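The block underneath contains the structure these notes are about, expressed in structure tokens.
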Amino acid sequence: MRKVFTNGILRENPVLRLVLGTCPTLAVTTMAVNGLGMGIAATVVLVCSNAVISLLRNIIPDRVRIPAFITIIAGFVTIVQLLVKAYAPAIDEALGIYLPLIVVNCIILARAEMFASKNPVLPSILDGLGMGIGFTAALLLMGSIRELLGAGTLFGMEVTAQFLDPMVVFILPPGGFFVFGMLIALVNRLTADKSKIKQEFSCMGCEGCPSSGSCSARAQVQTGGEEK
Amino acid sequence: MKLLAILLSAILVDNFVLSKFLGICPFLGVSKRLNTAVGMSAAVLFVMAIATAVTWPIQKCILDPFGLGYLQTIVFILVIAGLVQLVETALKKFVPPLYQALGIYLPLITTNCAVLGVTILNIDNAAADATFGFAEAMVNSIGAGLGFMLALVIFAGIREKLETCDIPQFLKGLPITLVAASIVSLSFLGFQGLVEGIFG
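Protein chains in written order, with this note's numbering: chain A, 6 to 233; chain B, 21 to 220.
Have a look at this one:
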């Protein structure tokens, strides 16, 4: 049970090890507080959808499970969207379009497909919580690095702005790609001897992709170049 | 004139991949070869245009008049998922050559955040600017799709070169790809202010 929970935080960190959910990771991490807000919002959706999908796992017919999952997830995203709008309008403003886009965050659909649809409720909730915390931690780390280097502040408080000119490029889009690349390189370096490094980004991360089973593109995209 | 400004800014200034971070997964996933990059982005362009053509009237004629705006996320994602399925079936039956070219990428597009993103952004734009109508929304979607294609094609070219380079072990694969993406994104920053410069 404990392993289920800690799995998502370190060993299978969704962002840094499985490389899922890259869009929000790059887009909202211009400030630490935004990363935290996004992480918490996604965690709430992840835990709730995992719980409900796990409860319904024997009722949902296999053939229509993906649309069913998407509907459940979209329902919770709408709830979170309304709550954030009501109680944290500043976060809503900062996250903007990326808040409704939690619906298409691969992490949530991947956990629904890979874990919640096969396991009882309690482990599913723990799995969602662990993955959510892993996601939040990665976003917080990215946000802190970018805010510190790009604006010289951390959670809005001045840190290095006094004696170091902020490098604005880090809060611009290129900085996002760069910091993310360096973080993954660091994780690869630290875990180099423990095998199983994610070397290549297979199409959307097939192993986590819910449609990989039925996906005809899987084999063809990978071999597409060689066929000619 | 306004339409041209929207088109240019969607392609270059507010590039979906490089400055809005939408559709990063396919951007990193299928940009290894030029032909797959073109196929994928053509499919995205196609679905973006159709999705906007369908979701815009739904928002304006059904959700807004009945005060159902909060259902936007659920309705849009289901409409897009159904639409992708429908387009795939229709193409298979009526336009086999196009299906041969785009078919394999279509199932991947449902969970592509760029498609849902463009439909929601269009509605947001309309809320902020009353003159932003259906024509503007369509042009914006097509521009976003073209921008996606441009980013993927440029990046596929870079990655083909990258493969023959000698890179330190821990940077191989994804990290060096992201650093390359960072540099491409940096070059797109140069377009900042372009639209205001031409049309302003």
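Virtual Cβ for every residue (Gly too), placed ideally from N, Cα, C. Just so we're clear, the structure is a prediction, and the values are computed from it rather than from any experiment.
Can you tell me which of the three DSSP states residue i falls into?
i, result
"methionine 2(A)", "With chain A running from 6 to 233 in the structure shown, residue 2(A) is simply not present."
"glutamine 86(A)", "helix"
"valine 37(B)", "coil"
"glutamine 212(B)", "coil"
"leucine 187(B)", "Checking the displayed sequence, the identity of residue 187(B) turns out to be isoleucine instead of leucine. Residue state, collapsed to three classes: coil."
"arginine 16(A)", "coil"
"asparagine 132(B)", "coil"
"lysine 52(B)", "coil"
"alanine 150(B)", "coil"
"isoleucine 82(B)", "helix"
"valine 95(B)", "helix"
"glycine 193(B)", "coil"
"arginine 179(B)", "helix"
"arginine 22(A)", "coil"
"proline 66(A)", "coil"
"glycine 186(A)", "helix"
"glycine 40(A)", "helix"
"asparagine 145(B)", "helix"
"serine 205(B)", "helix"
"lysine 22(B)", "helix"
"asparagine 124(A)", "coil"
"glycine 135(A)", "helix"
"glutamine 105(B)", "helix"
"glycine 80(A)", "helix"
Name the DSSP beta bridge partners of residue i, please?
i, result
"leucine 159(A)", "Met162(A)"
In or out: residue i buried (at least 16 other Cβ within 10 Å) or exposed?
i, result
"arginine 68(A)", "exposed"
"valine 173(A)", "exposed"
"methionine 6(A)", "exposed"
"proline 116(B)", "exposed"
"serine 122(A)", "buried"
"aspartate 170(A)", "exposed"
"isoleucine 64(A)", "exposed"
"alanine 224(A)", "With a pLDDT of only 40 at alanine 224(A), under the threshold of 50, the placement of this residue in the model should not be trusted, and no figure is reported."
"tyrosine 92(A)", "exposed"
"glutamate 183(B)", "exposed"
"cysteine 28(A)", "buried"
"leucine 127(A)", "exposed"
"glutamate 163(A)", "exposed"
"lysine 40(B)", "buried"
"proline 19(A)", "buried"
Thinking residue i and residue j are a contact (beta carbons under 8 Å), I'd like their distance in whole angstroms, please.
i, j, result
"valine 192(A)", "arginine 16(A)", "Contact doesn't hold; Cβ gap of about 11 Å is too wide."
"threonine 139(B)", "alanine 71(B)", "5 Å"
"valine 37(B)", "valine 215(B)", "Contact flag wrong, Cβ pair sits at about 18 Å."
"leucine 54(B)", "glutamate 180(B)", "7 Å"
"leucine 159(A)", "alanine 32(A)", "The Cβ separation is near 20 Å, so there is no contact."
"leucine 146(A)", "threonine 165(A)", "Not quite, the Cβ-Cβ distance comes to about 17 Å (not below 8 Å), so this is no contact."
"leucine 198(B)", "phenylalanine 182(A)", "5 Å"
"valine 108(A)", "leucine 136(B)", "7 Å"
"serine 161(B)", "alanine 69(B)", "5 Å"
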